[in-house]
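Numbering (my numbering), first residue to last: 754 to 815.
Positions of the beta carbon are idealized from the N, C-alpha and C atoms, including for glycine.
Note that the coordinates shown come from a computational prediction; the quantities given were computed from them, not determined experimentally.
Below: one structure, written as structure tokens.
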């Protein structure tokens, strides 16, 4: 069971293919908008902007 946003996020990850998220320069690139991130966790957080997934301001959970 997951929220619609978690299913959307999973779909985005499947769509982008995790194997080609990192460029040869060691940067992580969003295949949707070409945003570049130094760390994979920053790219994962950014991907939420494409799915509309948000966090609770009180408990920081989705």
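Contact under 8 angstroms by Cβ, residue i with residue j
i: residue 794; j: residue 783; result: no
i: residue 796; j: residue 808; result: no
Reduced DSSP category for residue i - H, G, I as helix; E, B as strand; rest coil
i: residue 754; result: For residue 754, the predicted model reports a pLDDT of 46, less than 50, meaning its position is unreliable and no value from the coordinates is stated.
Cβ shell of residue i (< 7 angstroms), same chain only, five flanking positions each side left out
i: residue 814; result: 808
Cβ shell of residue i (< 8 angstroms), same chain only, five flanking positions each side left out
i: residue 790; result: 780, 781, 782, 783, 796 and 799
i: residue 792; result: 781
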